[in-house]
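First up is the structure itself, then whatever we jot down about it.
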Amino acid sequence: MSVPRHWREEKPRYRLLGEQCAACGARYFPRTPVCACGGTEFRPYKLPEAGKVVSWTVIRSPPEGYEKYTPYVVGLIELDDGMRLLSQLTDVAPEQVKSGMRVEAVLRRVKEDGEAGLIQYGYKFRPVVE
Amino acid sequence: MRNVAIAGVGFTKVGEPWERSVKELFAEAAVAAMKDSGSPAVEALYVANMSGGHLQHQLHLGAMMAEAIGKPGIFATRVEAGQASGGVAFHEGVQAVASGRCDSVLVGGVEKMSDMLPECVASSQATAEDQEYVAFTGVTKTGLSAILHRMYTERFDVKPEDVAMFAVRGHDNAVGCAHAQYPFKLSIERVMASPMEADPIHVMECSAVCDGAAAILLRPAEEVGDCVEVAATEVATDAFSIAQRGDPLTLGAVRRAAEKACASAGVSLGDMDVLEVMDDTTIDGVLCLEGLGFAKRGEGAAFVAAGGTSREGEMPTNTFGGLKARGNPLGATGVYQVAEVVLQLRGAAGPSQVKDARIGMAQSMGGVGSTCSVTILRRG
Chain B
474 MSVPRHWREE KPRYRLLGEQ CAACGARYFP RTPVCACGGT EFRPYKLPEA
524 GKVVSWTVIR SPPEGYEKYT PYVVGLIELD DGMRLLSQLT DVAPEQVKSG
574 MRVEAVLRRV KEDGEAGLIQ YGYKFRPVVE
Chain X
-3 MRNVAIAGVG FTKVGEPWER SVKELFAEAA VAAMKDSGSP AVEALYVANM
47 SGGHLQHQLH LGAMMAEAIG KPGIFATRVE AGQASGGVAF HEGVQAVASG
97 RCDSVLVGGV EKMSDMLPEC VASSQATAED QEYVAFTGVT KTGLSAILHR
147 MYTERFDVKP EDVAMFAVRG HDNAVGCAHA QYPFKLSIER VMASPMEADP
197 IHVMECSAVC DGAAAILLRP AEEVGDCVEV AATEVATDAF SIAQRGDPLT
247 LGAVRRAAEK ACASAGVSLG DMDVLEVMDD TTIDGVLCLE GLGFAKRGEG
297 AAFVAAGGTS REGEMPTNTF GGLKARGNPL GATGVYQVAE VVLQLRGAAG
347 PSQVKDARIG MAQSMGGVGS TCSVTILRRG
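Chains as they are written, first to last, in our numbering: chain B, 474 to 603; chain X, -3 to 376.
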């Protein structure tokens, strides 16, 4: 991913920042230019940083750039406000992941564009220690 | 609007022909379709292709393929809608004839995946997802299907073996099919013993890397006479990511496209004699059956396991093997599906023939349900 492309999404990705439609209240993450209600005015909406694993998989045949992390877990996460997103799970072995498991967001390295390229960070989710 | 006829179909054997280029594959299918129609006339060309930009660094396939089939100068464009590219291109071609704008339209799909290594193919398939919030996680197309697979078996208390039976049924149907990539039987034991591709989906529940091209020549029905006609074709979309859908196990685009197509054709699901559905992985096939309405929610896998989709079953499905066994050359797949339904309705399906098939449906899907096309064909 190019530097400006990564930079454009830095705030939403580092802070779990979505948007809420000023007209109907619908919440979006990632943000969208036009709401399904037709609204084009949005206010920032901060997503909760904890939730649960709805479902998950273990990626064993990765796309380019993710080879050295394989195998890794990607889950569909439902945050405490009901918003959902896809994220890697971290600090947990694949065999320890369970549906319904409580998780929290952390900032982690996601991939590197070669030796001289951009190091890309983003959110991952790890199990909550009760 | 005019009635549209399938004047000709043609396709290549699905496989890994390393010695042949995208152009050669496309031309073989196109020329076969022209020959089948009895006339070489082509006024407009729609090229369905998903990954040429990624796998061959080759775009602008409209003009390139028009020249490759000996028709430089005609209207030509590429249509892309992920793995639904073929179905959507067919839809566009039908509009061009139905509207009266063109009297002979060629819809051809082509994909050549064997040029690149698996990581590159996985990246290429993931381009059908949001790059910044979905593909960025490192998830693959199979990984997204796997997330739905786990939700499905956990919510409806379904045995993974029943989902995996979709692959077994596809291979059963591919036996004797000359253009199939894998025309042999596959046992459920072999499927379940194969390595995990993306847990809980096994390697042998997934379609494989392959190359192929398929083409269909469309003409006004009144000019063709005794033939297979397009009864309806519809395309619908859904929230782009599975994370943005109220219930990711409900494929809304599939349901909407099917309902509109049935209403437009004046038929019901019960009228279908043959069906082609998208089964890039086994769970895709099961969820598509449910989305179309051929099985109730949570009961699709049991329907497949009980033989409901077998050639002699209640709803003969993927009668040439489907994406798993005939093969899934991405952008071409939707065109193969329509061509195969045509063969069934002509009574020209050989060992794959379903007895006295008169009405059939083909369904293709981009992403995990972001785009869906549904086509209904009937014998004229």
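Glycine included, every Cβ here is placed at the ideal spot set by N, Cα and C.
Any chain B beta carbon closer than 8 Å to residue i
| i | result |
| --- | --- |
| G139(X) | yes |
| D195(X) | yes |
| R251(X) | no |
| R293(X) | no |
| F132(X) | yes |
| M46(X) | no |
| I238(X) | yes |
| A122(X) | yes |
| Y178(X) | no |
| M192(X) | yes |
Between the CA atoms of residue j and residue i - distance to the nearest angstrom
| i | j | result |
| --- | --- | --- |
| A211(X) | T543(B) | 39 Å |
| A163(X) | D276(X) | 10 Å |
| A176(X) | R375(X) | 24 Å |
| E588(B) | S141(X) | 32 Å |
| L144(X) | A239(X) | 11 Å |
| A124(X) | V130(X) | 10 Å |
| I592(B) | D586(B) | 6 Å |
| T246(X) | V205(X) | 28 Å |
| P244(X) | E218(X) | 43 Å |
| G362(X) | V231(X) | 11 Å |
| G548(B) | E157(X) | 22 Å |
| H53(X) | S264(X) | 43 Å |
Partner residues on chain B for residue i, Cβ-Cβ distance less than 8 Å
| i | result |
| --- | --- |
| P114(X) | S534 |
| R146(X) | S528, W529, T530, S572 |
Three-state secondary structure (DSSP) of residue i
| i | result |
| --- | --- |
| E219(X) | helix |
| Q593(B) | strand |
| V331(X) | helix |
| V570(B) | coil |
| R(-2)(X) | coil |
| D269(X) | coil |
| T138(X) | helix |
| M474(B) | coil |
| F22(X) | helix |
| M361(X) | strand |
Proximal residues of chain B, C-beta to C-beta of residue i below 9 Å
| i | result |
| --- | --- |
| M109(X) | Per Cβ cutoff of 9 Å: no residues; M109(X) is ~14 Å from chain B at best. |
| E12(X) | Those do not exist, as E12(X) stays about 17 Å from chain B at its closest Cβ, beyond 9 Å. |
Residue i and residue j closer than 8 Å at C-beta
| i | j | result |
| --- | --- | --- |
| G318(X) | G166(X) | yes |
| T530(B) | R146(X) | yes |
| V350(X) | R322(X) | no |
| A26(X) | G11(X) | no |
| A80(X) | G330(X) | yes |
| A64(X) | A23(X) | yes |
| E333(X) | A358(X) | The sequence given here places Gln at residue 333(X); Glu does not occur at that position. Cβ distance < 8 Å, so Q333(X) and A358(X) count as in contact. |
| P503(B) | A122(X) | no |
| I2(X) | C258(X) | no |
| K9(X) | A174(X) | yes |
Within-8 Å CB hit, residue i to chain X
| i | result |
| --- | --- |
| S475(B) | no |
| W480(B) | no |
| V507(B) | no |
| P517(B) | no |
| R557(B) | yes |
| S490(B) | First, the residue type needs correcting, since residue 490(B) is Leu and not Ser in the sequence shown. No, because no Cβ of chain X sits closer than 8 Å to the Cβ of L490(B). |
| G590(B) | no |
| V583(B) | yes |
Closer than 8 Å at the beta carbon, the chain X residues around residue i
| i | result |
| --- | --- |
| E537(B) | E115, C116, A118, S119 |
| Y542(B) | G134 |
| Y545(B) | G134 |
Chain-ordered neighbours of residue i on chain B, where CB pairs are closer than 7 Å
| i | result |
| --- | --- |
| A142(X) | T530 |
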